[in-house]
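Counting from -13, one number per residue, gives the positions in the sequence shown under the numbering used here.
Where a beta carbon is used, it is the ideal one built from N, C-alpha and C, also for glycine.
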Amino acid sequence: MKTERILVTGGTGYIGSHTVVELQQAGYPVVIIDNLSNSDRAVLDGIERITGIRPDFVEGDCTDIDVLRALFAKYTDIKGIINFAASKAVGESMQKPILYYRNNLNTLMNLLELMGPNDVKGIVFSSSCTVYGEPDVNPVTEKSPIKKATSPYGNTKQISEEIITDVINAGAPFKSVILRYFNPVGAHPSAEIGELPNGVPQNLIPYLTQTAIGIRKELSVFGDDYNTPDGSCIRDYIDVVDLAKAHVIAVERMLMDRSDEKIEIFNLGTGRGVSVLELINAFERSTGVTVPHKIVGRRAGDIEKVWADPTYANNVLGWVASTPLDDTMRSAWAWQCRLRERGIM
Ligand code: NAD
Ligand code: UFG
C-alpha cells in the first residue's frame, strides 16, 4: 500500500467510482467525499466487491469549507485530490445557473484554498471537451481555440480552468492536471459499478440501454441532417475504465514531480469520431440486442461534430484509450442487465 492518500470528491459518482477502483488497485489509500446528490452509498459496496477494499467515505458537501476542514484534520495523509464533484446536466444548468456556478466553482475554490495549508501536492480537475464548443477543425488538440460556452455548465468548466491557472500562477505550492474528457461511456467489466442516471436519461448510452431493456419505448436520434457522412452527430466515446486509468497516471505524475510544468492540460479521448447511428449499430452488433429508434429533429444546443486528438496524452502520459468500442458497448449492456437483476431499473 502506498502512503499518499488521495481525496476523491464526487467519488461515488460515475467516473469517480471507476477511478477509485483504479486508485485502490494501484495501491493508493482513498477517501471519498460525496453529498450523494447524484449517486448512492451502495456504490461503495460495488467498489469493495471489485477491489476487496472499502474506501473511506465522508458524506458531505464540498461547498461547505468547514466540512472540508474537518476532513483534512482527520486525514492528514492526503497528498493528492481528484475533483469530480460537480453538477453536470447541461440542460438543467440553463434553468438553474446559480446552482451550477455555486456548486461547481465554490467546490473548486474551497479545495484550492485548503490545499496549501494541508500540504497537498496536486489536484486533478475534471474538465470537458465542451470548452471547445463547435470546433472549426477536428480532431481538436489542447491548443484548439476555446469557444464561448453555450451553457452555464460549460462556462463553469472554462472558469474553473481559469481559476486553477490564476491560483497556480499566483504562486500556490501545488500542481494541477486538467483533464478534458470527451464522451465517457460504458461500465466496469465486472458490472459492479456503472452509470446510474436520475430520472429520464439525457445522454445517449443510458437512454439506449434503457430502450434496449424495454424501459423506454424507442430511442430518438436527434437529427440526421448534419454535415456528417450519415447525417447524425459525431462524438468521441471513451470507455470509462480507460478514462479512470488516466487519473491514476495524472495523480502519480504530480506526486512524483514527473513534470516541470505546474499546470498541464490533456484531452482524453480515443481520437475516433463515431456518429449516433454508428454507435447504435455497434451496440446492436456487439450485444445482439436490437434498439428501436427513430429519427427526430435536432436537439437545441448540440455540437455537430467533435473528436479528440489524444496525441499529447498518449505521448506525455503514456496513456492510450485501448478498449475496443464493442467491449464498451457490452459493458454498458451488462451493467443495464445487472440493474434489472437487482430490481433497480
Ligand atoms: P456524477 O454526477 O456521476 O458524479 C459527480 C458526483 O459528485 C456525484 O456523486 C454527486 O453526488 C457529487 N457531488 C456533486 N456536487 C457535490 C458537492 N458539492 N459536494 C460533494 N459531492 C458532490 O458525474 P460524472 O459523470 O461522474 O462526472 C464527474 C465529473 O466529470 C464532473 O465534474 C463532470 O462535470 C465531469 N465531466 C463529466 C462528463 C460526462 O459526460 N459524464 C464529461 C465531461 C466532464
Ligand atoms: N443523442 C441522441 N438521442 C438521445 C441522446 C443523445 O440522438 O436520446 C445524441 C446527441 O444529439 C449527441 C450524442 O447523442 O449527438 C451524444 O449526446 P450526449 O447527450 O450523450 O452527450 P453530449 O455530447 O451532448 O454531452 C456530453 C455531456 C456533457 C459534456 C459533453 C462533453 O452530457 O456534460 O458530453 O464532455 F459536456
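Quick one: what's residue i bridged to in DSSP?
| i | result |
| --- | --- |
| ARG40 | Beta-bridge pairing links ARG40 to no other residue. |
| ASP225 | VAL171 |
| VAL163 | VAL110, GLU250 |
| LEU205 | HIS279 |
| THR(-5) | ILE19, ASN69 |
| ALA294 | VAL126 |
| SER261 | ILE220 |
| GLU45 | ASP20 |
Do the CB positions of residue i and residue j come within less than 8 Å of each other?
| i | j | result |
| --- | --- | --- |
| MET240 | LYS133 | no |
| CYS115 | TYR193 | no |
| ALA318 | ALA230 | no |
| LEU265 | TYR212 | no |
| SER9 | VAL234 | Note on identity: in this sequence residue 9 is Leu, with Ser being the wrong assignment. Yes. |
| GLY287 | THR136 | yes |
| ASN253 | GLU128 | yes |
| SER146 | ASN90 | yes |
| ILE33 | SER112 | no |
| ALA177 | TRP321 | yes |
| SER73 | LEU85 | yes |
| LEU165 | ASP26 | no |
| ILE201 | MET331 | yes |
| ILE249 | ILE154 | yes |
| PHE58 | ASN24 | no |
| ARG271 | GLY209 | no |
Can you tell me whether residue i sits near ligand 4, meaning its C-beta is under 7 Å from at least one heavy atom of the ligand?
| i | result |
| --- | --- |
| LEU303 | Among the ligands modelled here, namely ligand 1 and ligand 2, ligand 4 does not occur. |
By the three-class DSSP mapping on this structure, what secondary structure does residue i have?
| i | result |
| --- | --- |
| ILE68 | strand |
| PHE58 | helix |
| ILE266 | helix |
| ASP210 | coil |
| ARG284 | coil |
| THR5 | helix |
| PRO135 | The identity of residue 135 in the sequence shown is Ala, whereas the question assumes Pro. Correct three-state label for ALA135: coil. |
| ILE33 | helix |
| VAL277 | coil |
| VAL123 | coil |
| SER146 | helix |
| ASP26 | coil |
| ILE220 | strand |
| ASN89 | helix |
| SER245 | coil |
| ILE330 | coil |
| ILE154 | helix |
| ALA255 | The question names Ala, but residue 255 in the sequence shown is Gly. If DSSP states are grouped into helix, strand and coil, GLY255 belongs with coil. |
| TRP305 | coil |
| ILE199 | coil |
| ASN189 | coil |
| TYR14 | coil |
| ILE179 | coil |
| THR387 | The displayed coordinates of the chain run from -13 to 331. Any statement about residue 387 would go beyond what the structure contains. |
| THR314 | helix |
| GLU(-10) | coil |
| ALA299 | helix |
| ALA75 | coil |
| GLY140 | helix |
| LYS231 | helix |
| ASN184 | coil |
| ASN104 | coil |
| ASP52 | helix |
Would you mind giving the Cβ-Cβ distance between residue i and residue j, rounded to the nearest angstrom? I have them listed as a contact below 8 Å.
| i | j | result |
| --- | --- | --- |
| VAL282 | SER206 | 4 Å |
| THR(-11) | ASP63 | 7 Å |
| THR93 | ASP225 | Wrong, their Cβ atoms sit about 26 Å apart, outside the cutoff. |
| ALA71 | GLY(-4) | 4 Å |
| ILE67 | MET101 | 7 Å |
| MET80 | PRO159 | That pair is no contact at about 38 Å. |
| TYR332 | THR142 | What the structure shows of the chain is the stretch from -13 to 331, and residue 332 is not part of that stretch, so it cannot be assessed. |
| VAL16 | VAL6 | 5 Å |
| PRO278 | GLU204 | 4 Å |
| HIS4 | VAL227 | 6 Å |
| ALA236 | VAL110 | 5 Å |
| ALA268 | LEU311 | 5 Å |
| ASN169 | ARG244 | The pair is not a contact, with the Cβ atoms about 28 Å apart (cut-off 8 Å). |
| ILE191 | VAL171 | 5 Å |
| ILE(-8) | TYR14 | 5 Å |
### Query
Three or more C-beta pairs closer than 8 Å, one from the segment 117 to 127 and one from the segment 291 to 308: is that the case here?
yes
### Query
Counting Cβ pairs closer than 8 Å, one from the segment 249 to 268 and one from the segment 176 to 189, do we hit at least three?
no
### Query
Can you find at least 3 beta carbon pairs, one from the segment 38 to 52 and one from the segment 12 to 21, that sit closer than 8 Å?
yes
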